[in-house]
Amino acid sequence: MSGPRTSLEQWHCFLAVVDEGSYARAAEVLHKSQSAVTYTIQKMEEQLGVSVFEIRGRKAELTEAGQMLYRRGRALIDEALRLEKSAKSVAAGWEPQLRIVCDTLFPSGVMLDCLDDLSTHCPNTRIECIESVLSGAEEALLERRCDVAITGIVPPGFLGDHLMRIKFMAVAKHDHPLHLLGRELDYRDLRPFRQIVVRDSGVRRQRDSGWLDAAQRLTVSRMDTSINAVSRGVGFAWLPAVAMRDELASGLIKPLPMVEGGERHADLFLILPNRDLAGAAALRSEAFIKTAVANLVC
């Protein structure tokens, strides 16, 4: 396979002539003689077999082919600059890719703010953030498919820092038949009605967290879908209070008056699978997440 006949230096010179408007000004910017710039462009035209400039009056203007090559050349130089920056980032300790697995119980707004800050501090690191439910993050840790994990399950062989405690509440739409009973409820009252459950995103060890063996079950894959289903009166569910603040405040969703078990709690942990091998981006993401949680008003 033969390599390109032209060089990045030639393309850089060509772009400078166009951007500066003349060979003379391009030579000043490039710190070259005007004759060297002229020779570089002529050599480039010879190698490409096409004229990039044509003389109109006293001014050299781009040909139609030159206009197309300018656009492609600009993209080529920009990509070369990005490549150099990426190499410098890797040399400085920034990973080329960072994989974060985050339990859906973690507030999405907080995570988005952290990802925004992280993108600013390490712009050449490609960040992938995967949402998980129940054993999904645990599975990703065990299979070494993540660099950072926020999970409610710390698998054997891993250590995690406690991030936050999430409060779950048994809730239903304000006009759901369970609310119309007008009394305290126990699990026997709930069983005849449809329960909304969020599906475990893990594959190997799927869990049914909070399932009451109700008469009907609707399983969804996203927490916001579960909240939307309860808001529409489709069924009842245990939902995280932090994720349904607006619905609770408006009265659209109301807590069920349970005799017991109306509230549950789940803990979230932050895990770096191998701290000794963690790169700068993983360590920076850990710091951003911890700071964001410390400043979070629940």
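Heads up, the sequence shown is in the UniProt record's numbering, so the first residue is 1 and it goes up one at a time. We put the beta carbon where it would ideally sit given N, CA and C, even for glycine. Here the structure is a predicted model, which is why all the values come from computation and not from measurement.
Per-residue DSSP class, three states only, for residue i
{"i": "Ala278", "result": "coil"}
{"i": "Pro156", "result": "coil"}
{"i": "Leu252", "result": "coil"}
{"i": "Pro107", "result": "coil"}
{"i": "Leu134", "result": "coil"}
{"i": "Arg188", "result": "helix"}
{"i": "His176", "result": "coil"}
{"i": "Cys114", "result": "helix"}
{"i": "Leu181", "result": "coil"}
{"i": "His162", "result": "strand"}
{"i": "Arg99", "result": "strand"}
{"i": "Glu9", "result": "helix"}
{"i": "Asp208", "result": "Only weak support is given to the placement of Asp208: the predicted model assigns it a pLDDT of 49, under 50, and the question is left unresolved by the model."}
{"i": "Glu45", "result": "helix"}
{"i": "Glu143", "result": "coil"}
{"i": "Asn295", "result": "coil"}
{"i": "Met223", "result": "helix"}
{"i": "His31", "result": "coil"}
Buried or exposed (CB count within 10 angstroms, at least 16 for buried), residue i
{"i": "Arg194", "result": "buried"}
{"i": "Thr104", "result": "buried"}
{"i": "Met68", "result": "exposed"}
{"i": "Tyr39", "result": "exposed"}
{"i": "Leu185", "result": "buried"}
{"i": "Pro273", "result": "buried"}
{"i": "Asn124", "result": "buried"}
{"i": "Val29", "result": "exposed"}
{"i": "Glu131", "result": "buried"}
{"i": "Pro96", "result": "exposed"}
{"i": "Asp200", "result": "buried"}
{"i": "Leu163", "result": "buried"}
{"i": "Lys173", "result": "buried"}
{"i": "Glu286", "result": "buried"}
{"i": "Pro177", "result": "exposed"}
{"i": "Ile55", "result": "exposed"}
Test item: CB-CB of residue i and residue j under 9 Å
{"i": "Val242", "j": "Pro107", "result": "yes"}
{"i": "Val133", "j": "Ser231", "result": "no"}
{"i": "Ile150", "j": "Ile271", "result": "yes"}
{"i": "Leu8", "j": "Leu62", "result": "no"}
{"i": "Val171", "j": "Leu248", "result": "yes"}
{"i": "Gly57", "j": "Val18", "result": "no"}
{"i": "Ile196", "j": "Ser226", "result": "yes"}
{"i": "Gly152", "j": "Ala280", "result": "no"}
{"i": "Phe236", "j": "Leu256", "result": "yes"}
{"i": "Gln10", "j": "Gln34", "result": "no"}
{"i": "Val110", "j": "Cys129", "result": "no"}
{"i": "Ser22", "j": "Ala60", "result": "yes"}
{"i": "Met169", "j": "Gly233", "result": "no"}
{"i": "Leu141", "j": "Leu118", "result": "no"}
Cβ-Cβ separation, residue j to residue i (assumed contact under 8 Å), whole Å
{"i": "Arg284", "j": "Cys146", "result": "About 16 Å; that fails the 8 Å criterion."}
{"i": "Glu138", "j": "Pro155", "result": "5 Å"}
Beta bridge counterpart(s) of residue i as assigned by DSSP
{"i": "Thr151", "result": "Phe269"}
{"i": "Phe53", "result": "Leu62"}
{"i": "Gln195", "result": "Arg217 and Phe236"}
{"i": "Ile127", "result": "Leu98"}
{"i": "Val171", "result": "Ala237 and Pro255"}
{"i": "Arg264", "result": "Phe168"}
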